[in-house]
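Chemist:
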Amino acid sequence: MKKWFCFVLAATALSNVFGQNLFAAKAKGSYGFIDHMGQWIIPATFDDAEAFNNGYARVKKSGHWSYIDKDKRLVTEFRFDKVYNFEGEVARVGIIDEERRKITYGLINTKGQWVGRREFDEIGKFADNGLALAETRSGDWGFIDKNGQWVIRPTFGGLRDFHDGLAMARSKGKWGYIDKTGHWVIPPIYNHATNFREGFASIETKGGRWALIDSQGVPVGSLAFDVLKPFSDSVTTARLAGRWGIVGKHGQWIVEPKFDYLGQFVDGLCRTRQKGFYWGVVDKAGKWVIQPDFENVLPFSEGICRVKKGTLWGYMDRTGKWVVEPTFQSAEAFHNGYATVKMKGEWGIIDRTGKVTLEPSFDKIRPQDEGDDTAEEEETEMKDE
């Protein structure tokens, strides 16, 4: 029997602690898993590791990846060159094709067995409708299900994930939108476009400007923009003549363009740049929640954002009050009530009140539930700044 099949990590059952917060942590050159107090739940025996997600964690040894489950068992031997999080009962994995010098992708189940085809040059993340975009060796794109079978045949020159029931698809160099049967709902007539969000998409017009369309391809409003981002939180942001403003679902300005830059809204707030180099946060009315006095402000997570003052990072709440004043060399977003922070070259953990639950003492602590490290969806076909 193969050694990998017999491989079982430490004997203590993980079931008692799996509901707690686990972090992939590095100490003395190896990765394992700790709780928010810094106790080892799974010993540091791996060359690399990512956070648990959907009951499984990605782990690496001797240059190859595998998975462990909540009972500390290996799902399969260490044999993959690229792995992604499990999505339900399947995960996307890749092995280098030495002849082509390129990774070939397929799906495995929770027993480590191959599911369906394993001859894809790319597989995207599965959407809510159970479909994932996939690329053949010849460069054609279609959609597969979780059995690895084609649901929408690979007849397209490019695809993006489904959003609002529609997927961007490219044919003969132009973008349009298809439904879950693979039929065109909006024909491929656009040089560039974005995914549908909240019932609207942004498309590049013949004049090189950007405009809104609805799910039938009907133009919305009469304005055209230099840049128009996808909708988020019932609004979007747009640039015109070098300035950014806020646009509503009728294609009208809610806030006239006056900012140096605007991101996308999340829970009513948006990071923005003003004064050339300084960052702050505004609400949907364009009013300052956090004044533009900082070297960087990153999006909110669990009601708290990361703010950089000078060379140090801290955290602010939605009212612009400090949760933790700038103290850290580096700081990650909050997940499940905790965030990982770096001081004096070492990583620790804080809670939402700013209390240090684990003094910085690790080489690295990976944030929880940070998801796949893949740029599998290009959100926009436009140039941003």
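Note that the numbering used here has the sequence shown beginning at 5, numbered continuously upward.
Idealized CB from N, CA, C, for every residue including glycine.
Bear in mind that the values here come from a model prediction, so they are computed numbers and not experimental data.
#1: Is ARG370 buried or exposed, if buried means 16 or more other CB atoms sit within 10 Å of its CB?
#2: Does DSSP put MET41 in a helix, in a strand, or in coil?
#3: Work out the CA separation of TYR282 and PHE298 for me, nearest whole Å.
#4: In the DSSP assignment, find the beta strand (DSSP E) that holds PHE4 and state where it starts and stops.
#5: Provide the residue span of the beta strand (DSSP E) that contains LEU137, from first to last.
#6: With three or more C-beta pairs closer than 8 Å as the rule, is the region 298-309 touching the region 263-276?
#7: Buried or exposed: which applies to ASN151, given that a residue is buried once 16 or more other Cβ atoms fall within 10 Å of its Cβ?
#8: To which residues of the same chain is VAL97 closer than 8 Å at the C-beta, ignoring the five residues directly before and after it?
#9: DSSP state of ASP183, grouped into three classes?
#10: With distances taken Cα to Cα, identify the nearest neighbour of GLY255 among GLY267, LYS359 and ILE207.
#11: Around the Cβ of LYS233, are there at least 16 other Cβ atoms within 10 angstroms (buried) or fewer (exposed)?
#12: In terms of alpha-carbon separation, which member of THR357, LEU170 and TRP351 lies closest to ALA31?
#13: Between which two residues does the beta strand (DSSP E) containing ASN113 stretch?
#14: Run through DSSP, which three-state label would PHE9 get?
#15: Excluding the 5 residues preceding and the 5 following TRP79 in the sequence, name in chain order all residues of the same chain whose CB lies nearer than 8 Å to its CB.
#16: Identify every residue that forms a DSSP beta bridge with PRO223.
#17: On the DSSP bridge list, what partners appear for GLY249?
#18: Select from GLU306, GLY211, PHE56 and ALA95 the residue whose C-alpha is nearest the C-alpha of ASP271.
Modeler: Quick look at the numbers:
#1: ARG370 is classed as buried because its beta carbon has at least 16 other beta carbons within 10 Å across all chains shown.
#2: coil
#3: 5 Å
#4: An answer regarding residue 4 cannot be provided, because it is not within the stretch 5 to 389 covered by the chain.
#5: 136-139
#6: yes
#7: exposed
#8: TRP69, PHE84, LYS86, VAL87, TYR88, TYR109, GLY110, LEU111 and ILE112
#9: coil
#10: ILE207
#11: buried
#12: TRP351
#13: 106-113
#14: Here PHE9 scores only 35 on pLDDT, less than 50, and its place in the model should not be relied on; the value that follows carries that caveat. PHE9: helix per DSSP, three-state reduction.
#15: Going by the sequence as given, residue 79 is Val instead of Trp. Its chain contains TYR60, SER70, TYR71, ILE72, ASP73, ILE112, THR114, LYS115 and GLY116 as the residues whose beta carbon lies nearer than 8 Å to that of VAL79, once the 5 sequence neighbours on both sides are disregarded; these appear in chain order.
#16: ILE217
#17: ALA242
#18: GLU306
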